[in-house]
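Chemist:
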């Protein structure tokens, strides 16, 4: 995928158009996450989303435009979900924050996989990944910094990194062992709860 700015996706004006774009994007996310960027064709996206090829190209002039829309959407969703965790961190228990973080990672799993596949297909893929990692670390640090008083724990940056890697490990395990996903939630919370407990106003 070229780093040149692709033609922008066309924003639909009607409800029906928004629903069609949503179907296209959801289908493309699944295909990109499973098959990779190069193997997916616009014809395949159109067929599997039940969209006429002309309509697909009207909303997304190129495959690059579709890929960019997916990466932008993931970045926005990641920010929104992390902000929700930050919002509860001051009053929630450590267990509740741990559950919220695990639920966030699991909920964004397929979208994240697609976004990283698409980022890696670009010449500036390493920069894209670094941007997403920085975004995660900033929000995780904000969660951990919610302690009594105004001082920030001296080890907050270190714990944010540890929390990031723990969440990544949980996501990887979830992908490789889907049959164990139900048990994973409780075990994952027990794993990361100690990392978030010291950064909360109320530790559970």
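Numbering (the UniProt record's numbering), first residue to last: 1 to 204. The beta carbon of each residue, even a glycine, is placed where N, CA and C say it ideally should be.
Measure from the alpha carbon of residue 88 to the alpha carbon of each residue in 77, 100, 78, 57, then state which is nearest.
Modeler: Checked all of 77, 100, 78, 57; the closest Cα to residue 88 is 100.
Chemist: Between the Cα of residue 155 and those of 195, 175, 168, 133, spot the shortest distance and give me the residue it belongs to.
Modeler: The shortest Cα separation from residue 155 among 195, 175, 168, 133 belongs to 195.
Chemist: According to DSSP, is residue 16 helix, strand or coil?
Modeler: Three-state result, residue 16: helix.
Chemist: Between the Cα of residue 161 and those of 188, 139, 174, spot the shortest distance and give me the residue it belongs to.
Modeler: The residue with the shortest Cα to Cα distance from residue 161 is 139.
Chemist: For the alpha helix (DSSP H) that contains residue 77, what are its first and last residues?
Modeler: Residue 77 -> alpha helix (DSSP H) spans 63-89.
Chemist: For residue 64, does the count of other Cβ atoms within 10 angstroms reach 16, so buried, or fall short, so exposed?
Modeler: The residue is buried, with at least 16 neighbouring Cβ atoms inside 10 Å.
Chemist: Rounding to the nearest angstrom, what Cα-Cα distance links residue 25 and residue 66 in this structure?
Modeler: Their backbone Cα atoms lie some 8 Å apart in a straight line.
Chemist: Does the Cβ of residue 188 lie closer than 8 Å to at least one heavy atom of the ligand PLP?
Modeler: Although the ligand PLP was asked about, the structure shown includes no ligands whatsoever.
Chemist: Quick check on the burial criterion: 16 or more other C-beta atoms within 10 angstroms. Buried or exposed for residue 134?
Modeler: So residue 134 ends up on the exposed side.
Chemist: What separation, rounded to the nearest whole angstrom, lies between the Cα atoms of residue 117 and residue 41?
Modeler: Their backbone Cα atoms lie some 15 Å apart in a straight line.
Chemist: When the Cα of residue 142 is compared with those of 131, 128, 132, 157, which residue comes out closest?
Modeler: Checking every option, the nearest Cα to that of residue 142 belongs to 157.
Chemist: According to DSSP, is residue 150 part of a helix, a strand, or is it coil?
Modeler: With a pLDDT of 44 at residue 150, under the threshold of 50, the modelled position of that residue is not reliable, and the figure given next carries that caveat. Coil, per DSSP.
Chemist: Is the separation between the beta-carbon of residue 23 and that of residue 62 shorter than 9 Å?
Modeler: No; because the gap between Cβ atoms is not below 9 Å, this pair is not in contact.
Chemist: Rounded to whole angstroms, how far is the Cβ of residue 104 from the Cβ of residue 83, which I believe are closer than 8 Å?
Modeler: The pair is not a contact, with the Cβ atoms about 11 Å apart (cut-off 8 Å).
Chemist: Can you give the Cα-Cα distance for residue 58 and residue 39, rounded to whole angstroms?
Modeler: Spanning the two alpha carbons is a distance of roughly 22 Å.
Chemist: For residue 113 versus residue 33, is the C-beta spacing smaller than 9 Å?
Modeler: Yes; because the gap between Cβ atoms is below 9 Å, this pair is in contact.
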